[in-house]
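As structure tokens, the structure follows; a few thoughts come after it.
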Amino acid sequence: MNPSRLLGVVALAACAAGLAACATPVDQGVLTAPESQLRLRSIQSRVFDTGDRQKVLRGVVATLQDLEFMIEAADPGLGVVTARKFAIRAGSALPNDLMLTVTVHPRGERQTVVRANAEYNRKAIEEPAVYQSFFNSLGRSLFLAGREVD
Amino acid sequence: MLRERARAMSRGPRRAAVLALGLVVAGCASNVPMSMMQAESTHASNRERQTRLFRDIDEPTLLTVVVRTLQDQGYQITVSAAQLGVVVGTKRRSHRDVLSDIPLLSLKAGLTFGLHRHASLGPPDQFAVICALRPSDSATGGHAVRVTFYQQWHRVGPKGIPALVAAEPLPDAALYEATFRLIDGAIALERHAP
Chain R
0 MNPSRLLGVV ALAACAAGLA ACATPVDQGV LTAPESQLRL RSIQSRVFDT
50 GDRQKVLRGV VATLQDLEFM IEAADPGLGV VTARKFAIRA GSALPNDLML
100 TVTVHPRGER QTVVRANAEY NRKAIEEPAV YQSFFNSLGR SLFLAGREVD
Chain U
0 MLRERARAMS RGPRRAAVLA LGLVVAGCAS NVPMSMMQAE STHASNRERQ
50 TRLFRDIDEP TLLTVVVRTL QDQGYQITVS AAQLGVVVGT KRRSHRDVLS
100 DIPLLSLKAG LTFGLHRHAS LGPPDQFAVI CALRPSDSAT GGHAVRVTFY
150 QQWHRVGPKG IPALVAAEPL PDAALYEATF RLIDGAIALE RHAP
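One line per chain: the protein sequences are R and U, in this order. At position 86 of the first sequence the residue is numbered 85 (numbering that gives the first Met the number 0), and the sequence of numbers has no breaks. At position 169 of the second sequence the residue is numbered 168 (numbering that gives the first Met the number 0), and the sequence of numbers has no breaks.
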């Protein structure tokens, strides 16, 4: 093979390999980085000193209803409640959309962990104050104070 | 000397402007809806209006009565979790009802120069109801039933499937009074059923 032709083929192959490496992975955003996961889990979770999971789940429903969320799904077996709320703004065609999934699971016999993850206009909320506000309301409903998960 | 003083004086407003700009940028950056997650003062009165205590009836029977009442009112049950004491139902509004709302809504939109909250959404096309039962904390026992009605708006998506785009609770006290009267009536029927 002509050396200049060979060089051309090699250059073309290198270009193709480079492009393949630069291509955006299709699964971008499907999974979250582990360190981000840990931080989020910490701000989204609280431990309550009660082993009564049903009571906590009912407290979650009552809190969501208090905050004017609509319950979209509830699975007592799994301990999952999903709810949604809109804020209608004057002059705007699309209201703000807040979605919340709350899970309740036991930790030992005397504690229950509640985790909430919220999305605002289809974007995950990472501000601790938003979750703190929800857990404060839940605590009042349960007559219990939630603590951060160790 | 004068020039230095003038320079020093011009620095003050400049700093204030930079600080103000920084605050504006910080304010814009945070789009978290704190008010949407906080209990407002109106929520306590809403809770009172939407809640009624029922005594001398067990929870499964009360839940059955609530479901029956919703069915009588034409609601489709979309979520039911008996262990949690939760039932959710929806009821589509007829085209005639939706159309009949348009003149009043148009008038409101006109009078407020399009700033009425529902002007851009149009009339609601569906109602939803959430009923949640909770054992009463009082010594006398019984169950508290909380009912919340919502009006909802849907838009047809690209694949022709309607998607929920807005909803808000209905605050009308008379509506809740009427609902609890219906539940009372259904309980009486249940008790006298053969």
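Backbone N, C-alpha and C fix where the C-beta goes; we use that ideal spot for every residue, glycine too.
State the CB to CB distance for the pair Val164 of chain U and Leu93 of chain R, rounded to an integer number of angstroms; the pair is presumed to be in contact (CB under 8 Å). Under the criterion of beta carbons closer than 8 Å, Val164 of chain U and Leu93 of chain R qualify as touching, at roughly 6 Å.
Starting from Asn135 of chain R, trace the alpha helix (DSSP H) both ways and give me its first and last residue. 127-141
What residues in the stretch 84-115 of chain U have a beta carbon less than 9 Å from any beta carbon of chain R? Gly84, Val85, Val87, Thr111, Gly113, Leu114, His115
Is Met240 of chain U buried or exposed, if buried means 16 or more other CB atoms sit within 10 Å of its CB? For residue 240 of chain U there is no data in the structure shown, the boundaries of chain U being 0 and 193.
Consult DSSP for Ser119 of chain U and reduce its assignment to one of helix, strand or coil. coil
Rounded separation between Asp65 of chain R and Val29 of chain R - CA only: 32 Å
Contacts that Met69 of chain R makes with chain U (C-beta to C-beta distance below 7 Å): Ala127, Ile129, Tyr149, Ala166
Pick from R:Phe85, R:Glu118, R:Gly58: whose alpha carbon is nearest that of Gly78 of chain R? R:Gly58
In or out: Glu147 of chain R buried (at least 16 other Cβ within 10 Å) or exposed? exposed
Where Val65 of chain U and Arg88 of chain R are concerned, what is the direct C-alpha to C-alpha distance, given to the nearest angstrom? A direct Cα-to-Cα measurement between Val65 of chain U and Arg88 of chain R gives close to 33 Å.
Of the listed residues U:Ala143, U:Thr50, U:Ala43, nearest to Glu58 of chain U (C-alpha basis): U:Ala143
For the stretch 52-65 of chain R, which residues have a CB atom closer than 8 Å to at least one CB atom of chain U, in sequence order? Along the stretch 52-65 of chain R, going in chain order, the ones with a CB nearer than 8 Å to a CB of chain U are Gln53, Leu56, Arg57, Val60, Ala61, Gln64, Asp65.
Once DSSP output is grouped into helix, strand and coil, what is the label at Asn116 of chain R? If DSSP states are grouped into helix, strand and coil, Asn116 of chain R belongs with the strands.
Terminal residues of the beta strand (DSSP E) in which Val155 of chain U lies: 142-155
In chain order, what residues of the same chain lie with their CB nearer than 6 Å to the CB of Ile42 of chain R, ignoring the 5 residues before and after it? Pro127, Tyr130
Identify the continuous beta strand (DSSP E) that holds Glu167 of chain U and give its terminal residues. 161-168
Along the stretch 82-109 of chain R, what residues have a CB closer than 7 Å to any CB found in chain U? Lys84, Phe85, Ala86, Ile87, Ala89, Gly90, Ser91, Ala92, Leu93, Pro94, Asn95, Leu97
With three or more C-beta pairs closer than 8 Å as the rule, is the stretch 173-193 of chain U touching the stretch 77-91 of chain U? no
Residue burial classification, Ile101 of chain U (beta-carbon count within 10 angstroms, cutoff 16): Ile101 of chain U is exposed by the Cβ-count criterion.
Straight-line Cα distance separating Arg48 of chain U from Ala173 of chain U: 9 Å
Taking Cβ-Cβ distances shorter than 8 Å, what residues in chain U pair up with Ala72 of chain R? Val78
Among R:Leu37, R:Pro105, R:Glu71, which has the Cα closest to the Cα of Glu125 of chain R? R:Leu37
Taking the alpha carbon of Gly41 of chain U as the point to measure from, which residue in R:Asn1, R:Glu67, R:Asn116, R:Gly107 has its own alpha carbon closest? For the record, residue 41 of chain U in the displayed sequence is Thr; it is not Gly. If we check each option's Cα against that of Thr41 of chain U, R:Glu67 comes out closest.
Can you list the beta strand (DSSP E) stretches of 3 or more residues lying completely in the stretch 42-77 of chain R, in chain order? 44-47, 69-74
Which residues in the same chain as Lys90 of chain U place their Cβ atom closer than 6 Å to its Cβ, once the five residues preceding and following it in sequence are excluded? Gly73, Tyr74, Phe126
Per the DSSP calculation, Ala38 of chain U is bridged to which residue(s)? In DSSP, Ala38 of chain U forms no bridge with anything.
Under 9 Å from the C-beta of Ala154 of chain R: neighbouring residues of chain U: Nothing about residue 154 of chain R can be reported from this structure: the residues present for chain R run from 0 to 149 only.
Can you list, in chain order, the residues of the stretch 108-132 of chain R whose Cβ is nearer than 7 Å to any Cβ on chain U? Hits within the stretch, in order: Tyr119, Ile124, Glu126, Ala128, Val129, Ser132.
Thr45 of chain R and Phe142 of chain R: beta carbons closer than 8 Å? It should be noted that the sequence gives Arg, not Thr, for residue 45 of chain R. No, the pair does not count as a contact, with Cβ atoms beyond the cut-off.
Between the Cα of Arg121 of chain R and the Cα atoms of R:Ser3, R:Gly76, R:Thr100, which residue gives the shortest distance? Measuring from the Cα of Arg121 of chain R, the nearest candidate turns out to be R:Thr100.
Counted within 10 angstroms of its Cβ, other Cβ atoms place Thr139 of chain U as buried (16 or more) or exposed: exposed
Going by C-alpha to C-alpha distance, which of U:Ala185, U:Pro122, U:Pro170, U:Thr60 sits closest to Lys107 of chain U? U:Pro122
Identify which residue in U:Ile186, U:Tyr149, U:Ile129, U:Pro161 has its Cα closest to the Cα of Ala73 of chain R. U:Ile129
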